[in-house]
Amino acid sequence: TNKQGSIKEFFKKR
Amino acid sequence: MFEAKMLQSSVLKKIIESLKDLFADANFDCSSSGITLQDMDSSHVALCYLKLRSDEEGFEDYRCDRNITLGVNLGLMSKILKCAGNDDVVTLRAEDEPNILTFIFDSKNSERVSKYDIKLMEIDSELLGIPDTDYSCVVKMPSHEFQRICSNLSQLGDSVTIDCHKEGVDFKVAGEQGSGAIKLKQTTSVDKEEDQVTVQLNEPVTQSFALKFLCAFTKATSLSDTVNLSLTQDTPVVVEYPIAQHGYLRFYLAPKIEE
């Protein structure tokens, strides 16, 4: 099964 | 004072129409170099990034004395833009410490001028740093082709696996009731550049993404004849619609990760 990743896991807060 | 005069209100209409369903409220960040907008969808899976450069030909006039942020409900902005004719020139205007954004629509023959004001919102949005990276694979294809693929495959399942390799790109869906696959080969014999499929490949990539979001991104299809998909294994895909004489609209979508 695949889990939906969050965009925040990849792009950090500026 | 901020004032941006866009020659084609249809461009702004198309941008807002393509954003408003996934992104309810958004900040337009205006500076002397142009207008940018970054926003996440409510589930934090997708991100949009719009860039309209002030020095491009799409703006007839552009003035921004100090950096300002215009927080706007995109549903409301869509309603206001529906009051403009497609060929109208649209001017956006705001003061240096704005509470209000003014839209002025000038018809082509200057016989009709309409003016609308909307109240701005304080939007506490989290800005993310988008890394400037080289992608393993960049696919350029006709935007209507990508829209058709997403629409076709979404009938059978929730997620698409995009497989980029040296012969081309495969889109696959596997649902409970059936499966589907669309293979696109690189085209070499097509006359028009916008009809071509090209794959720039540094490394093959196989990655799954939620079709719900990709289908939502394709609402931007009318902005551009072509779309660029940039992929690297285990990172968000970039779906980019170039906007002629203005800049681009990019969508980032986090991948589905194997558990």
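Going down the list, the sequences are from chains A and B. Counting along the first sequence from 1, when you hit position 5 you're at 9 in the working numbering, and nothing is skipped either side. Counting along the second sequence from 1, when you hit position 37 you're at 803 in the working numbering, and nothing is skipped either side. For glycine and all other residues, C-beta sits at the position ideal for the given N, C-alpha and C. Predicted, not measured: the structure shown is a model, and the values here were computed from it.
Nearest residue (CA-CA) to residue i, options the options
i: residue 851 of chain B; options: B:875, B:911, B:952 and B:811; result: B:875
i: residue 821 of chain B; options: B:1013, B:843, B:1018 and B:979; result: B:1013
i: residue 984 of chain B; options: B:998, B:972 and B:1007; result: B:1007
i: residue 907 of chain B; options: B:872, B:953 and B:870; result: B:953
i: residue 903 of chain B; options: B:801, B:892 and B:972; result: B:972
i: residue 877 of chain B; options: B:1015, B:805 and B:853; result: B:853
i: residue 1011 of chain B; options: B:823, B:789 and B:861; result: B:823
i: residue 890 of chain B; options: B:994, B:792, B:995 and B:1018; result: B:792
i: residue 994 of chain B; options: B:982, B:1016 and B:981; result: B:1016
i: residue 951 of chain B; options: B:905, B:815 and B:838; result: B:905
i: residue 815 of chain B; options: B:916, B:966 and B:893; result: B:893
i: residue 795 of chain B; options: B:909, B:819, B:967 and B:842; result: B:819
i: residue 767 of chain B; options: B:838, B:860, B:782 and B:949; result: B:860
i: residue 838 of chain B; options: B:887, B:807, B:827 and B:845; result: B:887
i: residue 784 of chain B; options: B:840, B:827 and B:835; result: B:840
i: residue 915 of chain B; options: B:843, B:949 and B:775; result: B:949
i: residue 966 of chain B; options: B:845, B:955, B:934 and B:982; result: B:934
i: residue 968 of chain B; options: B:932, B:896 and B:955; result: B:932
DSSP state of residue i mapped onto helix, strand, coil
i: residue 983 of chain B; result: helix
i: residue 800 of chain B; result: strand
i: residue 811 of chain B; result: coil
i: residue 779 of chain B; result: helix
i: residue 769 of chain B; result: strand
i: residue 1017 of chain B; result: strand
i: residue 931 of chain B; result: strand
i: residue 1024 of chain B; result: strand
i: residue 788 of chain B; result: coil
i: residue 921 of chain B; result: coil
i: residue 999 of chain B; result: coil
i: residue 912 of chain B; result: helix
i: residue 16 of chain A; result: coil
Beta-carbon proximity list for residue i, same chain, < 8 Å, skipping 5 on both sides
i: residue 924 of chain B; result: 941, 976, 977 and 978
i: residue 945 of chain B; result: 922, 923, 938 and 939
i: residue 848 of chain B; result: 779
i: residue 947 of chain B; result: 936, 937, 938 and 939
i: residue 1021 of chain B; result: 973, 974, 975, 1000, 1001, 1002 and 1003
i: residue 15 of chain A; result: none
i: residue 899 of chain B; result: 998 and 1001
i: residue 787 of chain B; result: 982 and 985
Neighbourhood of residue i by C-beta distance below 6 Å, restricted to the same chain and skipping five residues each side
i: residue 989 of chain B; result: 780, 1007 and 1009
i: residue 883 of chain B; result: 866 and 868
i: residue 913 of chain B; result: 984 and 987
i: residue 870 of chain B; result: 857 and 881
Cβ-based neighbour list, residue i, same chain, cut-off 7 Å, excluding 5 preceding and 5 following
i: residue 825 of chain B; result: 770, 771 and 772
i: residue 797 of chain B; result: 830 and 833
i: residue 911 of chain B; result: none
i: residue 997 of chain B; result: 901, 902, 903, 928, 930, 971, 973 and 1003
i: residue 872 of chain B; result: 854, 855 and 879
i: residue 885 of chain B; result: 865 and 866
i: residue 817 of chain B; result: 800, 802, 1013 and 1014
i: residue 964 of chain B; result: 906 and 952
i: residue 842 of chain B; result: 884
Residue i Cβ short of 8 Å to the ligand SAH heavy atom set
i: residue 898 of chain B; result: In terms of ligand content, the structure shown is empty, and the ligand SAH therefore cannot be addressed.
Okay, do the region 864 to 873 of chain B and the region 955 to 968 of chain B touch, 3+ Cβ pairs below 8 Å being the bar? no
Does the region 936 to 950 of chain B come close enough to the region 910 to 920 of chain B to have 3 or more Cβ pairs within less than 8 Å? yes
Is there contact between the region 808 to 823 of chain B and the region 9 to 17 of chain A, where contact requires at least three CB pairs shorter than 8 Å? yes
Completely contained beta strand (DSSP E) runs for the region 938 to 980 of chain B, where each covers 3 or more residues: 945 to 951, 964 to 967 and 971 to 976
Go through the region 819 to 904 of chain B residue by residue and report every complete run of the beta strand (DSSP E) that reaches 3 residues or more, in order. 825 to 830, 834 to 839, 855 to 860, 866 to 872 and 879 to 885
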